[in-house]
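Participant: Mapped onto this note's numbering, the consecutive letters of the sequence shown carry residue numbers 3 to 321.
From the three backbone atoms N, C-alpha and C, an ideal C-beta is built for every residue, glycine too.
One structure, as structure tokens, below. Some questions next.
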Amino acid sequence: MTDSQPQRRPRAVVFAYHNVGVRCLKVLLAGGVDVALVVTHQDSESENIWFDSVISVCDAEGIPYITPDDAKSPTLLAVVRAARPDLMFSFYYRHMLPAELLEVAPAYNMHGSLLPAFRGRAPVNWAVLHGAHATGATLHEMTVKPDAGAIVARMEVPILPDDTAFEVFGKVTVAAEQALWHVLPALLAGTAPRLHNDLSQGGYFGGRKPEDGRIDWNQPAQTVYNLHRAVAPPYPGAFTDIGAVRYVLQRARLYKPNNKHNYNIAAASLRPGLTVVDNCIFGVCGDGRMLAISALTADGEPITAQQLHTRLAAAASGQ
3 MTDSQPQRRP RAVVFAYHNV GVRCLKVLLA GGVDVALVVT HQDSESENIW FDSVISVCDA
63 EGIPYITPDD AKSPTLLAVV RAARPDLMFS FYYRHMLPAE LLEVAPAYNM HGSLLPAFRG
123 RAPVNWAVLH GAHATGATLH EMTVKPDAGA IVARMEVPIL PDDTAFEVFG KVTVAAEQAL
183 WHVLPALLAG TAPRLHNDLS QGGYFGGRKP EDGRIDWNQP AQTVYNLHRA VAPPYPGAFT
243 DIGAVRYVLQ RARLYKPNNK HNYNIAAASL RPGLTVVDNC IFGVCGDGRM LAISALTADG
303 EPITAQQLHT RLAAAASGQ
């Protein structure tokens, strides 16, 4: 009797960053995948790094990693080819992979929405901004056209009325981990499903910039509230400028009158924008409804209702 040869583990090159990158990389390792190389990013000093580190996972697990600036560089292509992967994965890697890289091995991307909805950049933020009631994570085949390949797995999560994008992103991270975990055995066996990704539905969305958080108080309150939820900290935040001062909403809720407080009558006589009523900060919107603001900063520093009242009074009098 001869000893059987040990079965070779499937080998992968993984492009990964952010929390989804960390969790999905760990799923591959737990699923027996030989991760030969990780391609990731160095953290930017200009960015608020509130998420987990893929590099830390690589260091802990002894996985080789590189941080190229250009996904289209011939050097990166040569390194990936040399790794001889059976599969490639992209988990929140920030660069588009060119056709030459995608030809190295079958490649799969984890996208933070229920494709085909919210294709493109910042899908969680866009879903919250548009008032979606659900989103999720989708693993799909990678093509040169972004988020257009056949769907391999999806996992849905709810978006509750007061959820911020940060809270929803936490759910989407778990959904991505679960979606990959459940489909990984079939994916490695070559029996994973291939569902149609109907690009006539949904749409593409671009990246978001801090300036996109500027509030138009003439909009309905629900629209303004959705903007706040979509960019609330640790994202840059929804903001309004009064004179040379920038006020950023840190915490707010859509105000709902009750028996104890009913300020909507007062709002009808107030101009849209920040105001103070009974030592409470509100944002009056174009439809007469308001946001109750429980935390506000002025040029980066916390400001109280009394301080804001004094500033608003001075601005109104032209001082």
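1) Using DSSP bridges, identify the partner residues of CYS282.
2) Starting from ALA129, trace the beta strand (DSSP E) in both directions and tell me its first and last residue.
3) Note down the Cα distance separating MET90 from PRO235, rounded to an integer number of angstroms.
4) Does the distance from the C-beta atom of ARG121 to that of ASP165 stay below 8 Å?
5) Could you check if PRO304 is buried or exposed, using at least 16 other CB atoms within 10 Å of its CB as the buried criterion?
6) Would the beta-carbon of HIS347 fall within 8 Å of that of ALA129?
7) Output the boundary residues of the alpha helix (DSSP H) element that contains VAL233.
8) Please specify which runs of the beta strand (DSSP E), each continuous and at least 3 residues long, are wholly inside the region 95 to 159, giving them in chain order.
9) Note down, in chain order, each residue of its chain lying with its Cβ closer than 6 Å to the Cβ of THR277, except the 5 sequence neighbours on either side.
10) Given that a residue counts as buried once 16 or more other Cβ atoms are within 10 Å of its Cβ, and exposed if not, what is ARG11?
11) State the Cα-Cα distance for the pair VAL40 and VAL81, rounded to the nearest angstrom.
12) Just to confirm, is the Cβ distance from ALA254 to ALA300 under 8 Å?
13) Between VAL233, GLY172, PRO118, CYS282, which lies nearest to GLY204 when the distance is taken from Cα to Cα?
14) For MET3, count the other beta carbons within 10 Å of its own beta carbon; 16 or more makes it buried, fewer makes it exposed. Which is it?
15) Counting only the same chain and skipping the five closest in sequence on each side, list residues whose C-beta sits under 6 Å from that of GLY23.
16) For the beta strand (DSSP E) holding LEU298, just list the boundary residues, first then last.
17) What are the residues that DSSP puts in a beta bridge with GLU303?
18) Taking the C-alpha atoms as reference points, what is the distance between VAL250 and TRP183?
19) Distance, Cα to Cα, LEU190 vs TYR110?
20) Looking at the structure shown, is PHE53 part of a helix, part of a strand, or coil, going by DSSP?
21) Suppose the cutoff is 7 Å on Cβ atoms and the five residues either side in sequence are ignored; what does the same chain contact list for VAL126 look like?
22) For SER92, write down the residues that DSSP places opposite it in a beta bridge.
23) Drop a sphere of 10 angstroms on the beta-carbon of HIS230, count the other beta-carbons inside from all chains shown, and report buried for 16 or more, exposed for fewer.
24) What three-state label does DSSP hand ALA246 in the structure shown?
25) Going by alpha carbons, who is nearest to LYS28 out of TYR227, GLY64, GLN221?
26) Is the beta carbon of TYR257 closer than 8 Å to that of ARG216?
27) Distance, Cα to Cα, LEU201 vs VAL16?
28) Taking 8 Å as the threshold (C-beta atoms), are ALA139 and MET112 in contact?
29) Taking the beta strand (DSSP E) that VAL41 belongs to, which residues open and close that run?
30) Look up GLN252 in the DSSP assignment and say whether it is helix, strand or coil.
31) Out of curiosity, what's the CA-to-CA distance linking ALA101 and THR69?
Facilitator: So, from the listed chains and residues:
1) VAL279
2) ALA129 -> not in any beta strand (DSSP E); alpha helix (DSSP H) instead, spanning 125 to 131.
3) 33 Å
4) no
5) exposed
6) The structure shown does not extend to residue 347, since the chain is modelled only from 3 through 321, so no value can be given for it.
7) 223 to 233
8) 109 to 113, 136 to 143
9) PHE284, VAL286
10) Exposed.
11) Each residue's Cα considered, the two are about 11 Å apart.
12) no
13) Comparing alpha-carbon positions, the option among VAL233, GLY172, PRO118, CYS282 lying closest to GLY204 turns out to be PRO118.
14) Reliability fails at MET3, whose pLDDT of 42 lies under 50, so the model's placement of it is uncertain and the value that follows must be treated cautiously. MET3 comes out exposed.
15) Scanning its chain for C-beta atoms nearer than 6 Å, with the 5 sequence neighbours on each side dropped, one finds around GLY23 the residues VAL56, PHE93, TYR94, in chain order.
16) 292 to 300
17) Per DSSP, ALA300.
18) Between VAL250 and TRP183, the C-alpha separation is close to 39 Å.
19) Their Cα atoms are separated by approximately 12 Å.
20) coil
21) GLY114, THR137, ALA167, VAL170, PHE171, VAL174
22) PHE17, ASN111
23) Label assigned to HIS230: buried.
24) Here ALA246 sits in coil by DSSP.
25) GLY64
26) no
27) 26 Å
28) yes
29) 36 to 41
30) strand
31) 19 Å
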